[in-house]
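Residue numbers (my numbering), protein chains in the order written: chain P, 1 to 111; chain L, 1001 to 1111.
Ideal Cβ positions, reconstructed from N, Cα and C, are used throughout, including at glycine.
Fair warning: this is a prediction, and the values are worked out from it, not measured in the lab.
Data block below; observations after.
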DNA sequence: TCAATACTTAACCATATGGTTAAATATAAT
DNA sequence: ATTATATTTAACCATATGGTTAAGTATTGA
């Protein structure tokens, strides 16, 4: 359990990986397309995807030469359970939330 | 913002640090008392506390030779905002939550 | 004043992380 | 059959992380 939480929070502790997760909210994507917006080599992205996969935050399914990445909706659950049980998890300022969701939309439009 | 989130999730990605946070839910504690339940040197705990402090999850206030550690209730907020905005943040199985809260109680009793 | 207490800092170590480039693999298209 | 595409694997590198022990610094108590 603790090891799983370590892996989860650790996976979330990198901005590139968080952006990838947000991109995958929109739709499933091929590895190359995931890599496209980032100023980073393909192997680097491939590694990030492996980390997200091991943490259970995404799944990958190869069809032909394309490896499709998709969000695993339950992946974040253990982390959210921990945060809720930690108790300091109030509903945040609605404006913070709106601003952040807005920034996600900008991000996906950027592609 | 991203750097702050990196720091926050990274601080949460270590089981020792998460346990420390849960201990501090109960009450403020001196560094030595924080260290007591762990099979780890004092400098190691001191480092963990610095990391929690830099992430904004706790504050430390020295009075005399005792450095009091206290939870910073708003510290986790940015992480919770991100998770909520990520959207896959359902209220989890109530039994999962109860089991986890129970395990926290056990943990604090252990001291 | 001297010793004990409550730490922090320094120096070190092994392993992990996040990136790179080059080479390998498998599939699809020509 | 050859080439292009999509991706992974390997080898490498610099820096970060999480621990250690030993030494240093205040503060308190005797």
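Local conformation of residue 1077 of chain L per DSSP, three classes: In the three-state reduction of the DSSP assignment, residue 1077 of chain L falls in the helix class, which pools H, G and I.
Taking Cβ positions only, does residue 115 of chain P come closer than 8 Å to chain L? This structure leaves residue 115 of chain P out entirely; chain P is present only between 1 and 111.
What is the DSSP secondary structure of residue 1061 of chain L, counted as helix, strand or coil? Reduced to three states, the DSSP call for residue 1061 of chain L is strand.
When Cβ atoms are compared, which residues of the segment 30-57 of chain P fall closer than 7 Å to chain L? For the segment 30-57 of chain P, there are no residues whose beta carbon sits under 7 Å from a beta carbon of chain L.
Between residue 1060 of chain L and chain P, is any beta-carbon pair separated by less than 8 Å? Judged by the 8 Å Cβ criterion, residue 1060 of chain L is not in contact with chain P.
From residue 87 of chain P to residue 1063 of chain L, what distance separates their C-alpha atoms? The straight-line gap from Cα to Cα measures roughly 28 Å.
Does DSSP put residue 1109 of chain L in a helix, a strand or coil? Low per-residue confidence applies at residue 1109 of chain L: pLDDT is 43, beneath 50, and the placement is therefore not dependable enough to give any value.
Could you check the C-alpha separation between residue 79 of chain P and residue 1066 of chain L for me, to the nearest Å? Each residue's Cα considered, the two are about 33 Å apart.
From residue 43 of chain P to residue 76 of chain P, what distance separates their C-alpha atoms? Between the alpha carbons of residue 43 of chain P and residue 76 of chain P lies a distance of about 25 Å.
What does the alpha-carbon distance come out to for the pair residue 1061 of chain L and residue 47 of chain P? Going by the C-alpha atoms only, they are around 41 Å apart.
Span of the alpha helix (DSSP H) around residue 37 of chain P: Taken as a continuous stretch (DSSP letters only), residue 37 of chain P belongs to no alpha helix (DSSP H), as it is neither H nor E.
Which of the three DSSP states, helix, strand or coil, is assigned to residue 1030 of chain L? In the displayed model, residue 1030 of chain L falls within a strand according to three-state DSSP.
Would residue 1020 of chain L count as contacting chain P if we go by Cβ distances under 8 Å? At a cut-off of 8 Å between C-beta atoms, residue 1020 of chain L does not count as an interface residue with respect to chain P.
What separation, rounded to the nearest whole angstrom, lies between the Cα atoms of residue 1033 of chain L and residue 1072 of chain L? Taking the straight line from one Cα to the other gives about 18 Å.
So, does the CB of residue 1028 of chain L fall closer than 8 Å to a CB anywhere in chain P? Chain P has no Cβ within less than 8 Å of the Cβ of residue 1028 of chain L.
For residue 1023 of chain L, count neighbouring C-beta atoms within 10 Å of its own C-beta (all shown protein chains included) and say buried if the count is 16 or more, exposed if not. Around the beta carbon of residue 1023 of chain L, a 10 Å sphere encloses 16 or more other beta carbons of the protein chains shown; the residue is thus reported as buried.
CB contact check: residue 1067 of chain L to chain P, cutoff 8 Å: No, because no Cβ of chain P sits closer than 8 Å to the Cβ of residue 1067 of chain L.
Cα-Cα separation, residue 74 of chain P to residue 1050 of chain L: Between residue 74 of chain P and residue 1050 of chain L, the C-alpha separation is close to 32 Å.
Nonlocal neighbours in the same chain, by C-beta distance under 8 Å from residue 30 of chain P, ignoring five residues either side: The residues are 66, 67, 68, 69.
Give the range of the alpha helix (DSSP H) segment to which residue 1010 of chain L is assigned. Residues 1002-1012.
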